[in-house]
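Student: In our numbering, the protein residues as written are 2 to 181.
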Ligand SMILES: C[S@@+](CC[C@H](N)C(=O)[O-])C[C@H]1O[C@@H](n2cnc3c(N)ncnc32)[C@H](O)[C@@H]1O
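1. Would you say the beta carbon of residue 140 comes nearer than 7 Å to a heavy atom of ligand 1?
2. To which residues does DSSP link residue 3 through a beta bridge?
3. Could you tell me which whole alpha helix (DSSP H) segments of length 4 or greater appear in the segment 48 to 104?
4. In angstroms, rounded to a whole number, what distance separates the CA positions of residue 37 and residue 86?
5. Based on Cα-Cα distance, which residue from 141, 89, 64 lies nearest to residue 166?
6. If you run the structure through DSSP and keep just helix, strand and coil, what is residue 142?
7. Are residue 113 and residue 67 touching if we call contact CB-CB under 8 Å?
8. On the CB-based measure, 16 or more other CB atoms within 10 Å of its CB, does residue 157 come out buried or exposed?
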């Protein structure tokens, strides 16, 4: 079982599990168009156009997954961000010839994800999987080393110190139920 409260990220996992070849086809198209652009400004315009499509045109799930991967490969420092309204606000990166399609990786992960339950919601909903046969791995938002380095804006509601403490308590509860 995998869980994340970011539905756009979870959608990528589900598409890789269920329809990898369609995803590969779309990413090949995006990569071809993006790499054909010579100037950084043209690439930035392409990026912004795709961001508008993602935020405003309600694309289907496969297109959303392809665009999400494209943004993560081309945005500033690969940092995901959304604004207070929950709209994707990633900014354009260096404009280098980033590899957008990694078909071997998609096919490899497609195999790994067969039979995996993929949930999108708060981590607390995973409590029902606790028990002596369970192993939990958490990859929560990082606590920034300083205010300037704040990097907790994965979701509109920041994951603050209270959330980190609550998560630690949740881990303790899982342990008491026999989970590793
Ligand atoms: C460091 S990132 C981990 C990224 C992830 N492992 C991946 O596949 O890329 C932290 C993740 O915690 C998720 N998150 C934040 N608050 C959450 C919550 N209350 N319940 C579940 N996931 C949450 C964010 O959506 C974000 O994807």
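Using N, Cα and C, we set each Cβ at its ideal position, and we do this for glycine too.
Tutor: Looking at the coordinates:
1. On the chain shown, residue 140 is found 139 positions in, with the first residue counted as 1. The nearest non-hydrogen atom of ligand 1 is less than 7 Å from the C-beta of residue 140.
2. Numbered from 1 along the chain shown, position 2 holds the residue referred to as residue 3. For residue 3, which the question treats as bridged, DSSP gives the partners 119.
3. 62 to 75
4. Against the chain shown, residue 37 aligns to sequence position 36. Against the chain shown, residue 86 aligns to sequence position 85. Roughly 33 Å separates the two Cα atoms.
5. For the purposes of this step, residue 166 is taken as the residue at position 165 of the chain shown. Measuring from the Cα of residue 166, the nearest candidate turns out to be 141.
6. Here residue 142 corresponds to residue number 141 of the chain shown, with the count starting at 1. Residue 142 falls in the coil class under three-state DSSP.
7. Mapped onto the chain shown, residue 113 falls at position 112. Mapped onto the chain shown, residue 67 falls at position 66. Not a contact, by the Cβ cut-off of 8 Å.
8. Walking along the chain shown from the start, residue 157 turns up at place 156. Per-residue confidence for residue 157 stands at a pLDDT of 49, beneath the threshold of 50, marking its modelled position as unreliable; the derived number appears in the next sentence. When all chains shown are included, residue 157 counts as exposed.
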